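Quick notes on the structure that follows.
Numbering (the working numbering), first residue to last: 499 to 846.
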């Protein structure tokens, strides 16, 4: 008989705590939804645009300058923009013909290993950081809140995932053939790459390009701030149209998919164009050392070397392929992110 009161007491305690516990669980669930949404969007976007990522990395590297120069000389009559598209298509064709379709997804493994946690961490840190900062700002969400949250998310993400990006770059730059490409196969897989880098160059080598990655925080910051601004602007415009037209514009009552996608594409395009040189710098700093000697040591030295030997234009090498990849990638990623938040009940 003594067990009955104990059981009743426990049930009463659970019932008394359930409302508060349920609320906390809901808040925690919504917080982690940013993590899941960001990782999912990053994974899908990276997989779809992987071939263009391979092209972009090769265009940024010094190892393919000779081949690219001959291609450019044969296309002198083409306009710069058309020439870039021809160049991108030519490299895709050459990689497929000489190395097979699998080469178009070279580095996708370590890329996904990097993209999924990177996007998950970035969106989680930004989404929840924005919420905390907004509360500290008296419930007022503004550009300063977006800026601070974006910088915090960028620093956290870059520091945590730099070794993975180094491995991805090394894997993409090597070629399985000894044609005109000058980088032989050195690493069997991602694990072998990490093992050899640590053994031959030291643990610190895994963080090569970190300074350039921190420089790249500018892109993420511009992207987030611009995205939030455009979303807000589009929402205000819809509200104005609704006030003017009344119930005529019923579609405005639905979730604005197109506006968010347009904001994502525009924000990424602007951010990528402004901060693209850091992509080239980061790739050069992560290249495999030639004869054991790293040509690009340090951020400032890397910039000076590139400008002195190749000119300022080299800082924008592979930009077309980069934009062809990152803009649709951003659209896919933010679509998944916003959709998961929307249907998960975490969006405003």
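Idealized CB from N, CA, C, for every residue including glycine. Keep in mind the model is a prediction, meaning the values are calculated, not measured.
Item: In angstroms, rounded to a whole number, what distance separates the CA positions of residue 845 and residue 598?; Value: 43 Å
Item: By the 10 Å Cβ neighbour count, where 16 or more other Cβ atoms means buried, how is residue 551 classified, buried or exposed?; Value: buried
Item: Starting from the C-beta of residue 778, find all residues in its chain whose C-beta is less than 8 Å away, skip the five residues before and the five after it, and write them out in chain order.; Value: 558, 804, 812, 813, 814, 815, 816
Item: Checking 9 Å against the spacing of the C-beta atoms, do residue 726 and residue 641 come in under that value?; Value: yes
Item: The alpha helix (DSSP H) with residue 695 in it runs from where to where?; Value: 688 to 699
Item: Please list, in chain order, all residues of the same chain as residue 543 whose beta carbon is under 7 Å from its beta carbon, the five residues on each side excluded.; Value: 827, 830, 831
Item: So is residue 695 buried or exposed if we call it buried at 16+ other beta carbons inside 10 Å?; Value: buried
Item: Assuming residue 618 and residue 533 are in contact, meaning their beta carbons sit under 8 Å apart, how far apart are those beta carbons, in whole angstroms?; Value: 5 Å
Item: Which whole-angstrom value is the C-beta distance of residue 586 and residue 819, which I expect to be below 8 Å?; Value: 5 Å
Item: By how many angstroms is the C-alpha of residue 583 removed from the C-alpha of residue 442?; Value: The chain is shown only over 499 to 846; residue 442 falls outside these bounds and no answer can be derived.
Item: Considering only the beta carbon of each residue, do residue 614 and residue 541 sit closer than 9 Å?; Value: yes
Item: For residue 604, which of helix, strand or coil comes out of DSSP?; Value: coil
Item: With three or more C-beta pairs closer than 8 Å as the rule, is the segment 711 to 731 touching the segment 768 to 775?; Value: yes
Item: For residue 835, I'd like the list of residues in its chain whose CB is within less than 7 Å of its CB, leaving aside the five on either flank, ordered along the chain.; Value: 535, 536, 539, 621
Item: Between residue 664 and residue 643, what straight-line distance do the alpha-carbon atoms span, to the nearest angstrom?; Value: 31 Å
Item: How long is the line joining the alpha carbons of residue 735 and residue 741, rounded to whole angstroms?; Value: 10 Å
Item: Tell me whether the beta-carbon of residue 549 lies closer than 9 Å to the beta-carbon of residue 610.; Value: no
Item: Run the CB neighbour count on residue 765, radius 10 Å, all protein chains shown included, and call it buried at 16 or more, exposed below.; Value: buried
Item: Mind checking whether residue 522 and residue 843 have CB atoms under 9 Å apart?; Value: no
Item: Quick check on the DSSP output: what are the complete beta strand (DSSP E) runs of length 3 or more inside the segment 711 to 735, in order along the chain?; Value: none
Item: Can you tell me whether residue 762 is buried or exposed? The criterion is at least 16 other CB atoms within 10 Å of its CB, across all chains shown.; Value: buried
Item: Looking only at its chain, what residues have a beta carbon closer than 7 Å to the beta carbon of residue 593, apart from the 5 residues adjacent to it on each side?; Value: 552, 601, 602
Item: Going by DSSP in three states, residue 834 sits in which element: helix, strand or coil?; Value: helix
Item: Rounded to a whole number of angstroms, what is the C-alpha to C-alpha distance between residue 739 and residue 760?; Value: 18 Å
Item: Between residue 651 and residue 724, which are expected to be in contact by the criterion C-beta below 8 Å, what is the C-beta distance as a whole number of angstroms?; Value: That belief does not hold up - the Cβ atoms of residue 651 and residue 724 are roughly 15 Å apart, past 8 Å.
Item: When the Cα atoms are used, what is the spatial distance from residue 718 to residue 648?; Value: 7 Å
Item: Would DSSP call residue 754 helix, strand or coil?; Value: coil
Item: Let me check understanding here. Comparing Cα to Cα, which of 554, 687, 625 lies closest to residue 839?; Value: 625
Item: Between which residues of its own chain and residue 612 is the CB-CB distance below 7 Å, once the five residues before and five after are set aside?; Value: 659, 662, 663, 666
Item: Less than 9 Å between the beta carbons of residue 784 and residue 554, yes or no?; Value: no
Item: Just to confirm the assignment, what range does the alpha helix (DSSP H) spanning residue 660 have?; Value: 641 to 671
Item: When you compare only the Cα positions, how much space is there between residue 654 and residue 634?; Value: 21 Å
Item: Within the continuous alpha helix (DSSP H) that includes residue 798, where are the two ends?; Value: 797 to 808
Item: Decide if residue 841 is buried, meaning its Cβ has at least 16 other Cβ atoms within 10 Å, or exposed.; Value: exposed
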